[in-house]
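Chemist: Add 3 to a position in the sequence shown, counting from 1, and you land on the number used in our numbering.
All residues carry an ideal CB built from backbone N, CA and C; glycine is no exception.
One structure coming up, written as structure tokens, with questions to follow.
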Amino acid sequence: MNTAGRESERPVGVSDQDGLRTECRLVAAEDVPALSTMLRDNGVAFLGMPHAGMHRAVLRDAVQGEDVSCVVAVRGGQVVGWTVAIVYSRRYWTRFLARHPILGFIYVGSRLATALFARKSAVPEVHGPTWPRVMNREWGGAHPTVARHLDITVLEAYRRGGVATALQSAQIADLKRRGVRWLDAYINTSNLPSILLHIKNGWSLVSAERDALLISLEI
Ligand SMILES: CC(C)(COP(=O)(O)OP(=O)(O)OC[C@H]1O[C@@H](n2cnc3c(N)ncnc32)[C@H](O)[C@@H]1OP(=O)(O)O)[C@@H](O)C(=O)NCCC(=O)NCCS
Numbered sequence: 004m005n006t007a008g009r010e011s012e013r014p015v016g017v018s019d020q021d022g023l024r025t026e027c028r029l030v031a032a033e034d035v036p037a038l039s040t041m042l043r044d045n046g047v048a049f050l051g052m053p054h055a056g057m058h059r060a061v062l063r064d065a066v067q068g069e070d071v072s073c074v075v076a077v078r079g080g081q082v083v084g085w086t087v088a089i090v091y092s093r094r095y096w097t098r099f100l101a102r103h104p105i106l107g108f109i110y111v112g113s114r115l116a117t118a119l120f121a122r123k124s125a126v127p128e129v130h131g132p133t134w135p136r137v138m139n140r141e142w143g144g145a146h147p148t149v150a151r152h153l154d155i156t157v158l159e160a161y162r163r164g165g166v167a168t169a170l171q172s173a174q175i176a177d178l179k180r181r182g183v184r185w186l187d188a189y190i191n192t193s194n195l196p197s198i199l200l201h202i203k204n205g206w207s208l209v210s211a212e213r214d215a216l217l218i219s220l221e222i
């Protein structure tokens, strides 16, 4: 497996048919403004909040070496893909909301609004899976050795060239460096490209619910 990380600085990358190279590296301060806009434009939500303010705050933590692993794929100076995972996410989000009271207020408000709306809705509520307790370990970010994957996206024009695979490879190297042993993720059951990507890269199915699969990779 390739390696990447602030210490090793050995890039993971792929070359496309034109011989141009896409390099994967940890997010840097100069990436934050453009990347937060791209996350917003692609509808990426952290804690259910797809706001640029939320994205910027999480990305700043990634740059500062907090428990956020964010790897970007850069081609010709432009970010064309990214992946984000949180180490020990339960602790991270508790601390995050305490550090960002305004975002915490919005989060609590949006949870309350969702709960109220769900009660009145005629549409049946769709429940996500609950993190199982199997194989004698914690799931879903309840332990420092577990990271929870939040998102991986490659811009449409650059897909099927191995960029997501290179992003995952670079992120795994970063997580290993942080002492992480398992990377857990939810995938929507309708997202066939993502399911196939994760199967190809060695992830295992842990449990299946109506609308989502819980998958995991031992790293
Ligand atoms: C899922 C996604 C990140 C894959 O990125 P990518 O750079 O195209 O992935 P790779 O080129 O590394 O693909 C690796 C393998 O994944 C599978 N795969 C990826 N996209 C696929 C697709 N559209 N159809 C079928 N298989 C696909 C293939 O097995 C592929 O290997 P192959 O090209 O040798 O057949 C990209 O499609 C994407 O950004 N989708 C929108 C965002 C999203 O849904 N993210 C996942 C959230 S969990």
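Leaving out five residues on either side along the sequence, give the residues of the same chain with a beta carbon under 6 Å from the beta carbon of Val47.
Modeler: Position 44 of the sequence shown holds residue 47. Cβ neighbours of Val47 beyond the five flanking positions: Asp154.
Chemist: I want to check one thing, is the minimum distance from the CB of Asp154 to the heavy atoms of ligand 1 below 8 Å?
Modeler: Taking the sequence shown and counting its residues from 1, one reaches residue 154 at position 151. Yes, since a heavy atom of ligand 1 falls inside the 8 Å radius drawn around the Cβ of Asp154.
Chemist: According to DSSP, is Leu100 helix, strand or coil?
Modeler: Taking the sequence shown and counting its residues from 1, the one referred to as residue 100 is at position 97. In this structure, Leu100 counts as helix in the three-state DSSP scheme.
Chemist: Looking at Ala188 and ligand 1, is the gap between the Cβ and the nearest heavy atom below 8 Å?
Modeler: One-based indexing of the sequence shown puts residue 188 at position 185. For ligand 1, a non-hydrogen atom lies closer than 8 Å to the CB of Ala188.
Chemist: What are the boundary residues of the alpha helix (DSSP H) that includes Gly84?
Modeler: The residue labelled residue 84 in the question sits at position 81 within the sequence shown. Segment 81-90 is the beta strand (DSSP E) holding Gly84; no alpha helix (DSSP H) there.
Chemist: With H, G and I counted as helix, E and B as strand and the rest as coil, what does DSSP make of Arg24?
Modeler: Position 21 of the sequence shown holds residue 24. In this structure, Arg24 counts as strand in the three-state DSSP scheme.
Chemist: What's the gap between the Cα of Val83 and the Cα of Pro147?
Modeler: Position 80 of the sequence shown, counted from the first residue, corresponds to residue 83. Position 144 of the sequence shown, counted from the first residue, corresponds to residue 147. When rounded, the distance between both Cα atoms is 30 Å.
Chemist: What is the DSSP secondary structure of Asp19, counted as helix, strand or coil?
Modeler: Taking the sequence shown and counting its residues from 1, one reaches residue 19 at position 16. Asp19 falls in the coil class under three-state DSSP.
Chemist: Indicate the three-state DSSP secondary structure (helix, strand or coil) for Arg162 in the structure shown.
Modeler: For the purposes of this step, residue 162 is identified with residue 159 of the sequence shown, where counting begins at 1. In this structure, Arg162 counts as coil in the three-state DSSP scheme.
Chemist: Measuring straight from C-alpha to C-alpha, what distance separates Gly51 and Asp21?
Modeler: The count along the sequence shown starts at 1 and reaches residue 51 at position 48. The count along the sequence shown starts at 1 and reaches residue 21 at position 18. Gly51 and Asp21: Cα-Cα distance of roughly 38 Å.
Chemist: Who are the Cβ neighbours of Arg184 in its own chain at under 7 Å, not counting the five residues just before and after it?
Modeler: Looking up residue 184 in the sequence shown gives position 181. Thr148, Glu221, Ile222, listed in sequence order.
Chemist: Between the Cα of Thr192 and the Cα atoms of Ala173, Arg213, Trp206, Ile175, which residue gives the shortest distance?
Modeler: Your numbering for residue 192 matches position 189 in the sequence shown. Checked all of Ala173, Arg213, Trp206, Ile175; the closest Cα to Thr192 is Arg213.
Chemist: If we cut at 9 Å on Cβ distances, does Val61 have a partner in chain D?
Modeler: This model lacks chain D altogether, as it is built from one protein chain only.
Chemist: Go ahead and label Ser18 buried or exposed: buried means 16 or more other beta carbons lie within 10 angstroms of its beta carbon, across all protein chains shown.
Modeler: One-based indexing of the sequence shown puts residue 18 at position 15. Exposed, since its Cβ has fewer than 16 Cβ neighbours within 10 Å.
Chemist: Shorter than 8 Å, the distance from the beta carbon of Arg162 to the closest heavy atom of ligand 1, or not?
Modeler: Within the sequence shown, numbered from 1, the residue matching residue 162 stands at position 159. True, at least one ligand heavy atom lies under 8 Å from that Cβ.
Chemist: Of the choices Leu186, Ala101, Leu199, whose alpha-carbon is the least far from that of Trp142?
Modeler: As a working mapping, residue 142 is identified with position 139 in the sequence shown. Checking every option, the nearest Cα to that of Trp142 belongs to Leu186.
Chemist: How many whole angstroms separate the CB atoms of Arg180 and Gly144, which I take to be in contact at a CB cut-off of 8 Å?
Modeler: One-based indexing of the sequence shown puts residue 180 at position 177. One-based indexing of the sequence shown puts residue 144 at position 141. Contact between Arg180 and Gly144 does not hold, since their C-beta atoms are separated by about 18 Å, which reaches or exceeds 8 Å.
Chemist: Using only the alpha-carbon positions, how far apart do Ser72 and Asp177 sit?
Modeler: Your numbering for residue 72 matches position 69 in the sequence shown. Your numbering for residue 177 matches position 174 in the sequence shown. Taking the straight line from one Cα to the other gives about 7 Å.
Chemist: In chain order, what residues of the same chain lie with their CB nearer than 8 Å to the CB of His58, ignoring the 5 residues before and after it?
Modeler: Translated into positions along the sequence shown, residue 58 becomes position 55. The answer, listed in chain order, is Leu38, Ser39, Leu42, Arg43, Val47, Phe49.
Chemist: Alpha carbon to alpha carbon, how far is Ala215 from Asn194?
Modeler: Position 212 of the sequence shown, counted from the start, is the residue given in the question as residue 215. Position 191 of the sequence shown, counted from the start, is the residue given in the question as residue 194. So the alpha carbons of these two residues sit roughly 9 Å apart.
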